[in-house]
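In the working numbering, the protein residues as written are 149 to 313.
Notes follow the structure.
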């Protein structure tokens, strides 16, 4: 299933980019983003970006979409969608899109895709961190789960000290 999920995920990324660029009049009816187009960024976060290249040749990223396929018969106790991005890596406008799917004949056949779940990427990353710190069922106490950093003589605290990463 993992291999099929990876292939399906790649196909979804390609289709999302092609479809969003084809239906430009839906997401940009007033032509406010004339230089922008959706591009696929395989193996990076986010998977799909709305990008314009400026005169300085540096890309301007207006929006990011992280796409995750989720097999409906997955045995995960808590669906993580393999979403491991830190909240600080997410721009406020970035989205997480989870596309649920299953095989037509349960164990074989073509994939059947359902309506995606869409949420702000940063919110999901923060919620995931909160869950693993506060809600996860475990025998450990909250104090046992908190990570304490060790400072060595003459070493200053890193700038992220005390933040959820």
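Cβ atoms here follow ideal geometry from the backbone N, Cα and C, with glycine treated the same way.
Legend entry - In DSSP terms, what residue 235 is bridged to: The count along the chain shown starts at 1 and reaches residue 235 at position 87. Bridge partners of residue 235: none, in fact.
Legend entry - Collapsed DSSP secondary structure at residue 202 in the structure displayed: One-based indexing of the chain shown puts residue 202 at position 54. Coil at residue 202, not helix or strand.
Legend entry - Close Cβ partners of residue 265 (< 6 Å) along its chain, the five nearest in sequence each way excluded: Here residue 265 is taken as the residue at index 117 of the chain shown, counted from 1. Once the five neighbours on either side are set aside, the close Cβ partners of residue 265 are 246.
Inset, instruction - Take the Cβ of residue 197 as the centre, count every other Cβ of all protein chains shown within 10 Å, and call the residue buried at 16 or more, exposed below. - result: Position 49 of the chain shown, counted from the start, is the residue given in the question as residue 197. Residue 197 comes out buried.
Legend entry - DSSP-derived helix/strand/coil call for residue 210: Reading the chain shown from its first residue, position 62 is the one you call residue 210. Reduced to three states, the DSSP call for residue 210 is strand.
Inset, instruction - Note down the Cα distance separating residue 218 from residue 202, rounded to an integer number of angstroms. - result: On the chain shown, position 70 is the one that residue 218 refers to. On the chain shown, position 54 is the one that residue 202 refers to. Going by the C-alpha atoms only, they are around 36 Å apart.
Legend entry - Span of the beta strand (DSSP E) around residue 267: As a position in the chain shown, residue 267 is number 119, starting the count at 1. 265 to 268 is the span of the beta strand (DSSP E), which, as asked, contains residue 267.
Legend entry - Bridge-paired residues (DSSP) for residue 250: As a position in the chain shown, residue 250 is number 102, starting the count at 1. Residue 250 is bridged to 260.
Inset, instruction - Taking only the alpha-carbon atoms, compute the straight-line gap between residue 153 and residue 220 and give it to the nearest angstrom. - result: On the chain shown, residue 153 is found 5 positions in, with the first residue counted as 1. On the chain shown, residue 220 is found 72 positions in, with the first residue counted as 1. Each residue's Cα considered, the two are about 11 Å apart.
Inset, instruction - Pick helix, strand or coil for residue 218, following the three-state DSSP scheme. - result: In the chain shown, residue 218 corresponds to position 70, counting from 1. Three-state DSSP puts residue 218 in a strand.
Legend entry - Residues of its chain near residue 237, where Cβ-Cβ distance is below 7 Å and the 5 sequence neighbours each way are ignored: On the chain shown, position 89 is the one that residue 237 refers to. For residue 237, the CB contacts under 7 Å within the same chain, skipping 5 residues up- and downstream, are 193 in chain order.
Inset, instruction - State the start and end residues of the unbroken beta strand (DSSP E) segment that holds residue 188. - result: To locate residue 188, count along the chain shown from 1; it is residue 40. Element bounds for residue 188: 185 to 188.
Legend entry - Cβ contact (3+ pairs, closer than 8 Å) linking the segment 271 to 284 and the segment 249 to 259: Counting C-beta pairs closer than 8 Å gives fewer than three between the segment 271 to 284 and the segment 249 to 259, which falls short of the contact rule.
Inset, instruction - Measure the alpha-carbon distance for residue 232 versus residue 216 and round it to whole angstroms. - result: Counting from one through the chain shown, the residue named residue 232 turns up at place 84. Counting from one through the chain shown, the residue named residue 216 turns up at place 68. Straight-line Cα distance between these residues: approximately 11 Å.
Inset, instruction - Have a look at residue 172 and residue 160 and give me their C-alpha separation to the nearest angstrom. - result: Within the chain shown, the letter at position 24 stands for residue 172. Within the chain shown, the letter at position 12 stands for residue 160. Cα-Cα distance, rounded: 18 Å.
Legend entry - Per DSSP, the bridge partner or partners of residue 196: Numbered from 1 along the chain shown, position 48 holds the residue referred to as residue 196. Looking at the DSSP assignment, residue 196 forms a beta bridge with 188 and 213.
Legend entry - Bridge-paired residues (DSSP) for residue 245: Counting from one through the chain shown, the residue named residue 245 turns up at place 97. Per DSSP, 215 and 266.
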